[in-house]
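Taking it in order: structure first as structure tokens, then the write-up.
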Amino acid sequence: MSHLSTALSVAFLLAAFASPARAAVNVVTTTEGLAAVVREVGGDDVKVIALSRGVQDPHFVDANPSLAVKLRNADLLVDVGMDLEIGWLPPLVTQSRNAAIQPGGARRLTAGNFVSPMDLPTGPVDRSQGDIHPSGNPHFLTDPRRAVQVAAAIAGRLAEIDPGNAAHYRERLQAFQGKVAAAGKGWKERLAPFAGRSVITQHKTLTYLLDWSGLKAAGYMEPKQGVAPPPSHVASLVAVAKAAGVKGVLVENYYDRRPADQLRDLAGVKVIVIPGDVGGTKEASDWVSYVDVLVKALGQAVQ
Amino acid sequence: MVNIALLSLLVAQAAPPDLGSQADPFPTGSMNVGAPGGIPIGKLMLMPEIAVVVDGALGYTTLSTDQQELIAGPLPQHKAWPMLQEVELAFQATVDPYIRGDVFLTFSPQGVEVEEAYLKTLSLPWSLQIKAGQIYSPFGRTSQLHRHQWTFVDQPVSMQRLVGAEGLSGPGGDLSWLAPLPWFAEVHLDYQATRPGFDETVQQLTGVARLIQYFDLSDSATLGVGLSWALFQAEAPEQWKNLAGADLYFKFRDPTSRSSVVLQGELYGRQLSEQAFSEARWGGYGQAVWRIDRNWEVGGRYDNAPAPVAFGGGTQETWTALGTYYTSEFFRLRVQPSLVLLPEGQTGFQGLASFEFTIGAHAAHPF
Numbered sequence: 046m047s048h049l050s051t052a053l054s055v056a057f058l059l060a061a062f063a064s065p066a067r068a069a070v071n072v073v074t075t076t077e078g079l080a081a082v083v084r085e086v087g088g089d090d091v092k093v094i095a096l097s098r099g100v101q102d103p104h105f106v107d108a109n110p111s112l113a114v115k116l117r118n119a120d121l122l123v124d125v126g127m128d129l130e131i132g133w134l135p136p137l138v139t140q141s142r143n144a145a146i147q148p149g150g151a152r153r154l155t156a157g158n159f160v161s162p163m164d165l166p167t168g169p170v171d172r173s174q175g176d177i178h179p180s181g182n183p184h185f186l187t188d189p190r191r192a193v194q195v196a197a198a199i200a201g202r203l204a205e206i207d208p209g210n211a212a213h214y215r216e217r218l219q220a221f222q223g224k225v226a227a228a229g230k231g232w233k234e235r236l237a238p239f240a241g242r243s244v245i246t247q248h249k250t251l252t253y254l255l256d257w258s259g260l261k262a263a264g265y266m267e268p269k270q271g272v273a274p275p276p277s278h279v280a281s282l283v284a285v286a287k288a289a290g291v292k293g294v295l296v297e298n299y300y301d302r303r304p305a306d307q308l309r310d311l312a313g314v315k316v317i318v319i320p321g322d323v324g325g326t327k328e329a330s331d332w333v334s335y336v337d338v339l340v341k342a343l344g345q346a347v348q
Numbered sequence: 097m098v099n100i101a102l103l104s105l106l107v108a109q110a111a112p113p114d115l116g117s118q119a120d121p122f123p124t125g126s127m128n129v130g131a132p133g134g135i136p137i138g139k140l141m142l143m144p145e146i147a148v149v150v151d152g153a154l155g156y157t158t159l160s161t162d163q164q165e166l167i168a169g170p171l172p173q174h175k176a177w178p179m180l181q182e183v184e185l186a187f188q189a190t191v192d193p194y195i196r197g198d199v200f201l202t203f204s205p206q207g208v209e210v211e212e213a214y215l216k217t218l219s220l221p222w223s224l225q226i227k228a229g230q231i232y233s234p235f236g237r238t239s240q241l242h243r244h245q246w247t248f249v250d251q252p253v254s255m256q257r258l259v260g261a262e263g264l265s266g267p268g269g270d271l272s273w274l275a276p277l278p279w280f281a282e283v284h285l286d287y288q289a290t291r292p293g294f295d296e297t298v299q300q301l302t303g304v305a306r307l308i309q310y311f312d313l314s315d316s317a318t319l320g321v322g323l324s325w326a327l328f329q330a331e332a333p334e335q336w337k338n339l340a341g342a343d344l345y346f347k348f349r350d351p352t353s354r355s356s357v358v359l360q361g362e363l364y365g366r367q368l369s370e371q372a373f374s375e376a377r378w379g380g381y382g383q384a385v386w387r388i389d390r391n392w393e394v395g396g397r398y399d400n401a402p403a404p405v406a407f408g409g410g411t412q413e414t415w416t417a418l419g420t421y422y423t424s425e426f427f428r429l430r431v432q433p434s435l436v437l438l439p440e441g442q443t444g445f446q447g448l449a450s451f452e453f454t455i456g457a458h459a460a461h462p463f
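Chains L and G are the protein sequences, given in the same order.
Residues in the first sequence are numbered from 46 upward in steps of one, following my numbering.
Residues in the second sequence are numbered from 97 upward in steps of one, following my numbering.
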């Protein structure tokens with residue numbers, strides 16, 4: 046009898062150790078913006094790491110081998126795509142030894158594949174056009190419509206990877222959609238009086254948000270994508286700003302703001318420094334607060 | 097028989113449902129997507145990524161041929177000498193879901209060479225990876241780099257004289273393991289037929305081991321530490337026998353900025369077949385490079401190498417400065433003056449002005 050009770054005790058202990066607490070899904074994203082969307086739909090069921098910081102220009106992240114270590118154990122890699130990370134992500138993915146996150150792998154989700162792109166090149170596609178993105182503008186996550194599409198794709202993939210929590214992902218997606226709809230209503234109301242007005246931006250980072258809000262970009266500080274503004278281009282923007290009634294220039298905080306300051310001095314426009322992504326400033330701590338900061342900045346820029 | 101039965105079942109399941117007389121003779125939706133015969137440009141997507149990198153320079157030196165012995169690309173004395181150093185043609189693609197392939201051909205005044213042509217596995221278990229083909233040996237840091245990845249216009253003389261004119265390379269295979277640690281720690285074991293030194297006709301069977309680790313000290317600072325060892329099968333007294341290397345790398349880059357500072361150094365020790373270990377020759381270099389902004393970079397390098405053969409011993413010290421201007425990621429201009437201190441109080445000056453451009457696929461940013 047004592048043997049039986051000992052065996053039962055051992056079996057009970059083994060069973061207890063054999064069914065540990067369910068592990069969260071390890072998600073690695075290339076940007077803080079994508080990490081924020083994963084947190085919205087993944088909640089406590091995921092553990093998220095972003096490879097770049099919100100204060101960082103996502104085009105120019107170092108291919109630091111330490112990042113390959115983070116990719117090694119990823120259950121899911123979410124990248125932006127459209128060549129945004131072409132200068133640093135491919136060698137890290139190869140180095141990671143994680144077969145499932147290779148391009149086309151079951152644990153790789155390229156967010157750009159789930160949205161319709163803007164700024165598709167219509168003329169020549171070569172580097173005389175600057176740092177061109179042949180597949181379209183990759184800065185789509187500032188657009189509430191496309192952010193929701195990306196969230197739905199992520200929730201769907203998480204449900205496939207972690208079917209036991211599929212209902213949680215679905216519920217959180219619905220909650221995020223509701224949150225975006227409510228915030229979006231307020232943002233639209235805030236910007237509606239200024240519909241049709243124009244701003245100047247440093248890079249084409251706000252194209253999608255401007256399209257959603259009904260505002261326009263009269264010009265860009267960069268004469269071509271990724272090319273620093275020379276004085277001649279700044280001078281040419283003076284006439285552009287005056288003709289379009291531009292009152293503000295928006296510059297991400299990882300860019301050199303001096304050319305924008307020159308335009309301010311020449312054309313009397315305001316210079317508004319904005320975060321480049323979630324985490325780019327203390328206020329932009331999640332996706333909604335990040336877009337809220339951008340909408341406030343746009344509101345300032347058009348009046 | 098079981099297989100045939102299983103296949104029949106799968107075929108039956110995959111067959112479209114019988115729609116009977118209700119079937120739409122002019123189907124819409126997904127049945128009408130795409131052009132007849134497929135998308136003509138779709139085949140282009142199967143092309144490998146192709147890039148061409150061109151390196152040209154203008155060189156001047158006060159050193160004689162003897163004083164430049166055992167470095168790659170010696171210059172005529174007291175002449176401003178134009179050079180097309182190298183044209184690299186790169187083809188890169190995934191072969192199938194399990195393997196990728198990379199081919200780098202170089203065209204130079206010395207002829208056409210397969211610089212590297214290798215397969216790399218993508219899905220081996222236990223964090224293993226195999227790289228096989230014509231490859232650079234996983235020895236040291238700078239000796240594994242292609243010309244367009246060099247920060248300076250030339251390689252340190254210590255590396256050229258102690259490792260090989262253009263590093264250590266040859267046909268063979270490299271098995272590497274990414275250790276399951278919180279930091280990056282990779283172990284390489286490699287077996288190759290290499291051509292160490294400057295005699296292109298001599299091939300030696302070579303085993304190489306390397307441990308490379310990177311530690312993130314903060315979001316801005318990374319430290320890399322590497323140890324390498326190469327063991328050669330020597331069949332003549334003057335052939336390579338043992339080669340040891342240690343390398344240190346420190347990079348500081350504020351994530352909000354394109355500016356960075358990189359400190360790097362390597363130490364090499366080489367023992368020939370005829371030498372006792374105490375007679376091994378040592379050398380190395382240390383360099384500091386400051387990327388000021390998106391356009392400008394400056395640097396300096398101190399190099400300590402065995403003197404040219406003509407001196408019969410002693411060391412050569414080389415002090416080099418570097419100024420680089422980038423118009424974009426795809427073009428750079430470099431100016432590189434060097435002061436050379438040889439045994440017997442001999443000194444010399446060397447100057448290089450170089451251009452480099454890349455067309456085609458976007459390469460990874462160097463780290």
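The C-beta atom is built at its ideal place from N, Cα and C for all residues, glycine as well.
Every value quoted in this text rests on a predicted model; they were computed, and no experiment measured them.
By the Cβ-count criterion, N210 of chain L is buried, with 16 or more other Cβ atoms from all chains shown falling within 10 Å of its own Cβ.
Counting along the chain, D337 of chain L sits inside the alpha helix (DSSP H) bounded by residues 332 to 346.
As computed with DSSP, H284 of chain G is found in a beta bridge with G:S272, G:R306.
Residue burial annotation: K227 of chain G is buried, with at least 16 other C-beta atoms found within 10 angstroms of its C-beta. The segment 72 to 90 of chain L makes no contact with the segment 238 to 252 of chain G: fewer than 3 CB pairs, one atom from each, lie closer than 8 Å. Taking each of G:M179, G:P193, G:Q335 in turn and checking the Cα distance to Q206 of chain G, the smallest one comes out for G:M179.
Note on geometry: alpha-carbon atoms of E328 of chain L and P274 of chain L lie some 28 Å from one another. Contact with chain G is found for I131 of chain L, since one of that chain's Cβ atoms lies less than 8 Å from the residue's Cβ. The Cβ neighbour count for P276 of chain G, taken over all protein chains shown within 10 Å, is under 16; the residue is labelled exposed. Under the three-state reduction of DSSP, Y194 of chain G is assigned to coil, being neither helix nor strand.
For T157 of chain G, the enclosing beta strand (DSSP E) covers residues 145 to 157. By a beta-carbon distance limit of 8 Å, A326 of chain G contacts L339 of chain G. Their separation comes to about 4 Å. Just so you know, the alpha carbons of A449 of chain G and T420 of chain G end up roughly 10 Å apart.
Note on geometry: alpha-carbon atoms of N118 of chain L and K315 of chain L lie some 46 Å from one another. In the DSSP assignment, D343 of chain G falls within the beta strand (DSSP E) that extends over 336 to 348. Residue pairing by DSSP leaves T247 of chain G without any beta bridge partner. For T139 of chain L, no beta strand (DSSP E) run applies; the uninterrupted alpha helix (DSSP H) run containing it begins and ends at 134 to 140, by DSSP. Boundaries of the beta strand (DSSP E) harbouring K216 of chain G: 207 to 217, taken from the DSSP string. With its beta carbon less than 8 Å from one in chain L, F280 of chain G belongs to the interface.
Close to F105 of chain L, with beta-carbon spacing below 8 Å, are these residues of chain G in chain order: R354, H461. Closest option to P276 of chain L, judged by alpha-carbon separation, among L:R309, L:Y253, L:K249: L:R309.
Interface residue (Cβ-Cβ distance to chain G less than 8 Å): R303 of chain L is not classified as such. Residue pairing of Y299 of chain L in beta bridges, as defined by DSSP: absent, with no partner found.
Judged by beta-carbon spacing, S265 of chain G lies within the 8 Å limit of Y232 of chain G, meaning their Cβ atoms are closer than that value. Beyond the five residues adjoining it in sequence on each side, D322 of chain L comes within less than 6 Å, by CB distance, of T76, E77, G78, G99 in the same chain, given in chain order. By the CB criterion at 8 Å, W378 of chain G and G365 of chain G fall inside the cutoff.
Within the segment 249 to 278 of chain L, the residues whose Cβ lies closer than 7 Å to some Cβ of chain G are A273, listed in chain order. Boundaries of the beta strand (DSSP E) around S450 of chain G: 443 to 456. G181 of chain L is not a Cβ neighbour of S243 of chain L, given a cutoff of 8 Å.
Looking at the backbone, the Cα of D343 of chain G and that of G322 of chain G are separated by about 5 Å. Annotation for V358 of chain G: the continuous beta strand (DSSP E) segment containing it runs 356 to 368. Residue contact with chain L for S204 of chain G: absent (no Cβ-Cβ distance below 8 Å to any residue of chain L). Burial is judged here by how many other beta carbons sit within 10 angstroms of a residue's own beta carbon; R303 of chain L has fewer than 16 and is exposed. Taking 8 Å as the upper bound for CB-CB distance, W133 of chain L and H461 of chain G are in contact here, some 5 Å apart. Listed by position along chain L, the residues whose Cβ is nearer than 7 Å to that of D270 of chain G form an empty set, because the closest Cβ is around 13 Å away. Of the residues G:G263, G:T352, G:E334, the one whose Cα lies closest to the Cα of I167 of chain G is G:G263.
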